[in-house]
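Enquirer:
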Amino acid sequence: MSRYLAQIVALLLPLVHLRDAAADGSNSSGFGEPKIECIAVERQALLKVKQDLQITDGNGTDLLSSWGSEEGKRDCCKWIGIRCDNKSGNVVILDLSRSTFGTGKYYENRGNISASSLTELRYLNYLDLSFLSLGRNSILDFIGKLSNLRYLDLSHTQLIGDIDPPPDHELANLTTLQFLDISHNFGLRAKSLDWVSNLSSLRQLNLSRIDLTQADDWMSVILQLPHLENLELKNCGLLSQKSFIPPSLSPFNNSYSMYLASVDLSGNHLSAASIQNFLSTFSGSLVRLDVSSSQLEGPINPETFGNVTSLKYLDLSLNHLQGSIPEAFGNMTSLEYLDLSNNMLEGEIPKAIWSICTLRTLRMNDNTLSGYLPQNTQSSSKCTSYSLDTLDLRRNQLVGSVPNLTMFSSLRVLRLSSNKLNGTVSESIGQLARLEILDVFRNSLQGVISEAHFRRLSKLIYLDLSFNSLALNISSDWSPPFQLELVLLGSCKVGPQFPRWLRTQKNYYQLDISNGGISDSIPNWFWDLPPPLFRMNLSNNQLSGGIANSSRQWAGFPEIDLSANQLEGPIPTFLFKVAAVHLSRNKFSRLDSLCEVNAEFNALSFIDISYNELSGELPDCWSRLYILNIVNLKNNKLSGKIPTSIGSLSQLKSLHLGNNMFVGNIPSSLKNCRELIVLAAGENNLSGPIPTWIGESLQNLTILSLRSNNFYSDVPLNLCHLSQLQLLDLSINQISGNVPECLKNLTAMKQYGSMNTTISHSYGGAEDATADRPVSYDDNLDVVWKGTMTEFIKNLRLVKSIDLSSNKLRGEIPIDITELIGLVSLNLSRNNLSGQLPPEIGRLTLLDALDLSNNRFSGRIPSSLSEVHRLSLLDLSNNNFSGKIPTGTQLQSFDAVVYMGNPELCGAPLLNKCPGEDAGSDGTEEGSEDGVEDGFISDGYFISLGLGFVVGLSGVCGTLLVNKSMRNSYFKFLNDARDWIYVRTRIYKPKVLKMIKF
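All letters in the sequence shown, in the order written, are residues -23 to -1, 1 to 975 by mature numbering (1 follows the signal peptide of the UniProt record, and there is no 0).
1) Do Gly467 and Asp489 have their CB atoms nearer than 7 Å?
2) Comparing C-alpha positions only, which one of Leu117, Ser622 and Ser682 sits nearest to Leu660?
3) From Leu842 to Ile818, what does the alpha carbon distance come to, in whole angstroms?
4) Could you give the first and the last residue of the continuous alpha helix (DSSP H) run that contains Ile495?
5) Is the beta carbon of Pro620 less than 7 Å from the beta carbon of Asp585?
6) Going by DSSP, which residues form a beta bridge with Gly641?
7) For Arg837, I'd like the list of residues in its chain whose CB is within less than 6 Å of its CB, leaving aside the five on either flank, ordered along the chain.
8) Once you ignore the five residues that flank Leu409 on each side, which residues in its own chain have a CB closer than 8 Å to its CB?
9) In terms of residues, what are the limits of the alpha helix (DSSP H) holding Met196?
10) Unbroken beta strand (DSSP E) runs of length 3 or more, entirely within the stretch 324 to 400: which are they?
11) Given this structure, state the Cα-to-Cα distance separating Asp118 from Ile90, to the nearest angstrom.
12) Short of 7 Å in beta carbon distance, which residues of its chain neighbour Ser227, apart from the five on each side in sequence? Order them along the chain.
13) Alpha carbon to alpha carbon, how far is Asn296 from Ile116? Give it in angstroms, no decimals.
14) Classify Arg847: buried if its beta carbon has 16 or more other beta carbons within 10 angstroms, exposed otherwise.
15) Provide the residue span of the alpha helix (DSSP H) that contains Asn501, from first to last.
16) Kindly provide the ranges of any beta strand (DSSP E) runs that are 3 or more residues long and lie completely inside the stretch 414 to 458, ordered along the chain.
17) Apart from the five residues on each side of it in sequence, which residues of its chain come closer than 6 Å, Cβ to Cβ, to Gly865?
18) Among residues of its own chain, excluding the 5 on either side of Pro507, which ones have a beta-carbon nearer than 6 Å to its beta-carbon?
19) For Pro816, which three-state DSSP category applies?
20) Whole-angstrom Cβ separation of Ile667 and Phe639, contact assumed at under 8 Å?
21) So, does the stretch 792 to 808 touch the stretch 722 to 731, judging by three or more C-beta pairs under 8 Å?
22) Quick one: grab the DSSP three-state call for Thr735.
23) Within 10 Å of its beta-carbon, does Glu313 have 16 or more other beta-carbons around it, so buried, or fewer, so exposed?
24) Less than 7 Å between the beta carbons of Ile537 and Met513, yes or no?
25) Once the 5 residues before and after Asp72 are set aside, which same chain residues still bring their CB inside 6 Å of it?
26) Taking the straight line between their C-alpha atoms, what separation do you get for Tyr100 and Lys122?
27) Between the Cα of Pro458 and those of Leu447, Trp478 and Ala249, spot the shortest distance and give me the residue it belongs to.
28) Which partner residues does Trp599 have in the DSSP bridge list?
29) Sort Leu510, Glu428 and Ser318 by Cα distance to Asp464 and report the nearest one.
30) Terminal residues of the continuous beta strand (DSSP E) containing Glu85?
31) Apply the 10 Å Cβ neighbour rule to Lys611 and answer buried if 16 or more other Cβ atoms are within range, or exposed otherwise.
32) So, is Val874 buried or exposed, given that buried needs 16 or more other C-beta atoms within 10 angstroms?
33) Which residue marks the beginning of the alpha helix (DSSP H) containing Ser94, and which one marks its end?
34) Using a threshold of 7 Å, state whether the C-beta atoms of Asn642 and Gly665 are closer than that.
35) Hey, could you find the ends of the alpha helix (DSSP H) Phe255 is sitting in?
Structure representation (C-alpha cells):
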C-alpha cells in the first residue's frame, strides 16, 4: 500500500503548501515567526469567537486559555490555532480542529460562532472548525464574506438545513477555495449542486453524508471543475441516472477536469452501467475508486475495467455483483488494492489476477468462489516478484490443499477460513518470513503440521488451524520462533501430552486447544504463564487430576472453559476470579472456594458446573457475586436448602439447580431476580406450595421447570401473569385443584414458532477476537419428550409445552386452553381429570405430542382432533372415552395401544368394530354422529349385551387361544405396558441410585 499512500500524499501536498503559504503570505513553506503583532480589531474578533464557542476538554479545562487581552497574551499571532501573515500581521489561519488541541477523541464546545466576530477576519485563508458543535447557526449564511478562503473544513459540526442554489447561497462566493469539506453533517441537504460550479479552483471536495437525493445535476457539475483531484460523496443518497455522464459534457466537446485521481462514491445506490460510464471517462487519470456498499447488481462487464491502466485502488465490496470475475481485471497492471468481498461472485479466480505484480491487497472473502489456490510455478508467472501483502479468501468454496505460496514472499496476512479445502498444508508456508496472520479455520484439511511449517515464521502473531483434521507433530522441547497473540487449535490433535511449547509463549490473549486428544494433567507452570489472557478453551479433552490453587493474578477478567474433561477435587479460588468459567462434565467435588472471591474485585458473570460430583450444601455467599447472569449447577449431589443469598443476584437471567437433592421451599428472596428468564429446579426434594410471587415478580420468565419434587396445593393463578412463559413443567408433584382457566393468558403459547430457535443470553464475558465465533450463551433444558429425557439446546425456543402430568388435578380441561395455538406438547396424564374434551381441541394444530392417559375423561373423542396433522405422539389410554374413534388418516395411523383402557371405544385402529360396521355399513346415517344413531339401542341390544357378558367372561382364555388377532393385540398391550414401566424406570433410576449412594 506504500505506493497508494504516496499517491494520496501527492494529492494532499498542495493543500499543505496552501496552509504554509497562508502563514507567511508568500509561496514559501514553513510558518515562521510573525514579525509584527496581530491587528487589534482582529484580536477583538478572536476574543469574541472564544466567548461564542467556549471550547473545553472532557474535564472542563478551557482549551483557549492562551487567548486573552491581559499582559503577555496580547499577541494573537501566538495564540493556539492562530497563524498570521509575516508581513501584514493579518490572521490568515484559524484552526480549532482536534489536532490543534491534541485532545484525541473528546472535546466539546457550548454556543455558536457569530458573523460579527468571524467576518472581521477578512484576510483568512484557512479555516478549520471540524468536530465543533455548531448546529443550527448562520455560519453558512455569512461564510461567503470570507472571500480569501482557500481551505474550509466544517466537517462533523452538526450543521442542519438546506444549502440553497445560487445566487442565494454564500458558499458560491468562495471562488478561490481549493479545499472544501462539509461532510458528516447529517442534517444538511442540497437539492442542487449548481453552487459548486462557481468553485473553479477546487482540488478536493468532500460532501459525504450530506443529503443529495434530489441533486440530479451532481455529476454534470463535478465535471466542470477543471482542477478537481479528490472527490468524496459517501452515503449521500445518490441514485443512478440514465445518463451518468451527460452527452453535452462529452470528453471530446469540453475542457473539464481530466485530473480526477481519487473518487469515493461508497454507500450510494448506483448501477454497474453508471460505473462503467464513469470509468471510461476518467480511465487515464483515476488512481482510486471506492464504490463499496452501492447496491451494484448483476455481472461485472469485462469492458468496464479493460482499459483502466492507471487504477491502483478499487473497492467493489458489499454489493450484489454476480457471475464470474472477468479476466480483464488482469489488465489493471498498476493495481495495488482490490476488494471484491461480500458479493455473490462465483467461479474460479482468474489466473491473470495472480499475475499482477503490483497487487498488495486482495480481498475476495464472502462470495461463492471455487477452484484451487495458485501453485508456485515459474511457467505461469509473468514477473519475477510479487508484492502481495494481504490475501483474504474466507467464506468461499475453494478446494484442494494449501499449496506452495512462496512466490508471494511479502505475504503478511493469509485468510482461507470457512472454505472446502481438503488436502494438506505445504511445509513451504514456513518460508513466508513476513507472515503475521495464518487462518485456515473450518476447512477439511488433513495431514501433519510439523515444526517445518513454522521454521521462519518469526513474525507470526495469529494462528488459527481449528476445526480441521490436522495433527501437530511437535517435539516436547520445541522452541517456536514466534510469540503468538492468538493460538486457535480447536479440534486439532495436539495431544496426548499437554503442549509444552506453550510455556515459551508470553503474549497470547486467546488460547483454544479444545478437543485436542490431550490425555494428561494440566501442569502447574501453565497457570503461572504471564500472558494477558482473555479467553481460554481446554474443553473436550481427557485432562485429569486436580488443579492446585494458584496465586495467579489475571491481567483482566478472562473466560475459562475446562468443560468435558476428567478434572477432579475442589475448585480452586483463582478460577472464580474471572468473567466466565465453564466447568461442566468433570468430577469436581467441592464449591467452598466460591466464598473466597473478593466482592470488590468480582467480575464473575457466568458459572457452569453442571454434571459434576459437587456435594454438601450450597455455600451461602452469593451476595458477593452480584453481577452473575448465568448459574448452572444441575446434575450434582448438592443437598440442603437453597441459600437465601442467591436472591441477591439481581442480574440473574438463567438458574439451573435441577437433579440435585435440595429440600425445603424455594427462597422468597428469588423474587428480587426480576431479570430471570429460565428457572429450572426439577428433580429435587423441594416442597411446599408453588410460590405465588413467581407470577408477580418474574415477569420475564420464559422457562419454569419444577418437575419431580414434592410441591403441593393448587397451581397458583398468578402464574398466568407470565405472558412470556413458553414452557411450564410442574409434573410429578402433589399438586391438586383444577387446571386454571387463565392459562389462556400465556401469550407466548399463542404464537406460532419463533424467528430464533435458541434462548440466548448475553453476559459480561470477554468478547471473541475472531469474527467467526459468537459469544452468547445458548440455554438448555432437560425435557421429557415422548417418554424420553431429552436435552434441548438449539431448538429450545420452539418447545412450547405444558406438562402437569402425575399430579392430583381434578375437574375438566378448561375450554380456553385451546387458545394456546402455539403449543407443541400438552401432557395432563396421570391425574384425576374428568369430563369431556373440549370440542375445539383441534385448534391446537401445532401439537406434536398429546398425552391425556390415565385420567377419567369420558364422552366422545372430538372429531376436530383428526385435524391435528402434526401429531406424532398420542396417548388417550385408560380413560372412559366412548363411541367411534373419529375417522381420519391421522388418528387411524396410531397403534391401538394409545386407545386401550376405554371399554366403550370402537373403530379403527381398535379391533372391536362399532355397531353396524359388520353389516358392511360404516354405520353413518343422517342425524347421527360418528355412525351411531339414537334408535340403535333396542331390546335386542340389551339381550345381546347380557349374553355377551356371561359368555365372554368364561370364554376369554379360549378366545386368546383360537383368535390369533386378538391374541396378538393382548400381548402387544402387555409389551407396551412393559415398555412404559421401562421408560419410567430409566428416568427415575439415576435419582434413586444417587440418593442411595449419598
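Cβ coordinates follow ideal geometry from the N, Cα and C atoms, glycine included. These numbers come from a predicted model, not from an experiment.
Expert: Here's the rundown:
1) yes
2) Sequence check: residue 660 is Glu here, not Leu. Taking only the C-alpha atoms, the option nearest Glu660 is Ser682.
3) 6 Å
4) Where Ile495 is concerned, there is no enclosing alpha helix (DSSP H), given that its DSSP letter is neither H nor E.
5) No; because the gap between Cβ atoms is not below 7 Å, this pair is not in contact.
6) According to DSSP, which records beta bridges pairwise, Gly641 is partnered with Leu663.
7) Gly860
8) Leu382, Thr383, Phe385, Ser386, Leu388, Leu391, Arg433 and Leu434
9) Trp195 to Ile199
10) Whole beta strand (DSSP E) segments, 3+ residues: 338 to 340, 345 to 347, 367 to 369 and 390 to 392.
11) 12 Å
12) Low confidence applies here, because Ser227 scores a pLDDT of 48, under 50, leaving its location unreliable and the question unanswered by this model.
13) Rounded to the nearest whole angstrom, the CA to CA distance from Ile116 to Asn296 is 38 Å.
14) exposed
15) Asn501 to Trp504
16) 414 to 416, 423 to 427, 439 to 441 and 446 to 450
17) Ser843
18) Lys483
19) helix
20) 15 Å between Cβ atoms; not a contact.
21) yes
22) coil
23) buried
24) yes
25) Gly58 and Asp105
26) 10 Å
27) Trp478
28) In the DSSP output, where bridge partners are listed per residue, Trp599 has none listed.
29) Note on identity: in this sequence residue 464 is Val, with Asp being the wrong assignment. Checked all of Leu510, Glu428 and Ser318; the closest Cα to Val464 is Leu510.
30) Tyr84 to Asn86
31) buried
32) buried
33) Ala92 to Leu95
34) yes
35) Ala249 to Thr258
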